[in-house]
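For the sequence shown, the working numbering puts the final residue at 1139, and the numbers step up evenly by one. Backbone N, C-alpha and C define an ideal beta-carbon position, used for all residues, glycine too. Here's the structure, in structure tokens; my notes come after.
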Amino acid sequence: MTWSRATETRAAAILARYPEKRSAVMPLLYLAMAEEGGDLTEDGMRRVAELTGLSAAQVQAVASFYTMYKRDGVGRYLVSVCTSISCMLCGGDEVLDAVADETGVPDGETGEDGLFSVEHVECIGACGGAPAVQVNYELVEGVTPEQARSLCRWLAEQRPETVVGDDLQERFGGQRSFDWGPEEAEGATGPVPAFGPLGTTGERS
Ligand code: FES
935 MTWSRATETR AAAILARYPE KRSAVMPLLY LAMAEEGGDL TEDGMRRVAE LTGLSAAQVQ
995 AVASFYTMYK RDGVGRYLVS VCTSISCMLC GGDEVLDAVA DETGVPDGET GEDGLFSVEH
1055 VECIGACGGA PAVQVNYELV EGVTPEQARS LCRWLAEQRP ETVVGDDLQE RFGGQRSFDW
1115 GPEEAEGATG PVPAFGPLGT TGERS
């Protein structure tokens, strides 16, 4: 199989960054997800194996080890709530309950309409701004359960094409771990991290 021309071009550019083709396996798995709207399919993993020279089993071993490679489908908005120690002590479990209740999607599942996936995650490096949440890997810190509900309602009503961390923080965030610096010009266009080489970034609207 081959991907779309744009994706194949991106794959070639990613491969060119690495002296060993197999070292590109992780970004290529993200690229495979982006090609399929967020799902990592068997075909996608086969193409990664072809491109890297790894066996299908080796690619599957990587894909099955890391939870961010979604092999069972994923919604348009992936809401990830940190429940590790700092966030747990600051109410992360209550935030997760609020997200699950507001979206109607239990932890670890995707709603039937494909709008939301909800998951709890381990520390996402924002402990100083606990409790921390990500939407399509865009971060928002200092989230209360009520703000989490508002965030989910906003996503369901507005259906933004691009999710931008700065916007989420301004609308629904609280205490931040540190000053994030220059304003973000771009965000994530789907449930794959926003990286230019993957083609998963979009300008803020
Ligand atoms: S414990 Fe939640 S971000 Fe570190």
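How is residue i classed by DSSP in three states: helix, strand or coil?
i       : result
Tyr964  : helix
Ser1020 : helix
Thr1096 : coil
Gln1068 : strand
Thr1135 : strand
Leu1073 : strand
Phe1129 : coil
Ala950  : coil
Phe999  : helix
Gly1121 : strand
Leu988  : coil
Leu1012 : strand
Val1039 : coil
Glu1091 : helix
Glu1046 : coil
My guess is that residue i and residue j are in contact by the Cβ rule of under 8 Å, so how many angstroms apart are they, rounded?
i       : j       : result
Ala1034 : Val1052 : 5 Å
Gly1076 : Gln1109 : 4 Å
Leu1012 : Pro1125 : 4 Å
Thr986  : Val959  : 5 Å
Cys1061 : Ser1111 : 7 Å
Who are the near neighbours of residue i in its chain, counting only those whose CB is closer than 7 Å to its CB and skipping five residues on each side?
i       : result
Thr1099 : Going by the sequence as given, residue 1099 is Gly instead of Thr. Excluding sequence neighbours, Gly1099 sits near Glu1072, Leu1073, Val1074, Glu1118 and Gly1121.
Pro966  : Going by the sequence as given, residue 966 is Ala instead of Pro. Here the set comprises Leu974, Gly978, Met979, Arg981 and Val982.
Thr1123 : Glu1095, Thr1096, Thr1134, Thr1135 and Gly1136
Leu1049 : Gly1009, Arg1010, Tyr1011 and Ala1090
To the nearest angstrom, how far is the alpha carbon of residue i from that of residue j?
i       : j       : result
Gly1042 : Arg1005 : 12 Å
Ala990  : Glu942  : 19 Å
Asp1027 : Arg939  : 43 Å
Val1039 : Cys1024 : 22 Å
Pro961  : Glu970  : 15 Å
With a threshold of 8 Å, establish whether the CB of residue i neighbours any heavy atom of the ligand ZN.
i       : result
Pro1079 : The model depicted lacks the ligand ZN and carries the ligand FES instead.
Quick one: residues in its chain with C-beta nearer than 6 Å to the C-beta of residue i, no 5 flanking neighbours on either side, listed in chain order?
i       : result
Val993  : Met979, Val982 and Ala983
Ser1018 : Glu1056 and Cys1057
Ala1082 : Val1029, Ala1032 and Val1033
Establish whether the CB of residue i and some CB of chain C are separated by less than 9 Å.
i      : result
Tyr952 : Looking for chain C here will not work: only one protein chain is present.
Which residues in the same chain have their Cβ closer than 8 Å to the Cβ of residue i, if we skip the five residues on either side of it in sequence?
i       : result
Arg1087 : Glu1036
Lys955  : Leu949, Leu985, Thr986 and Gly987
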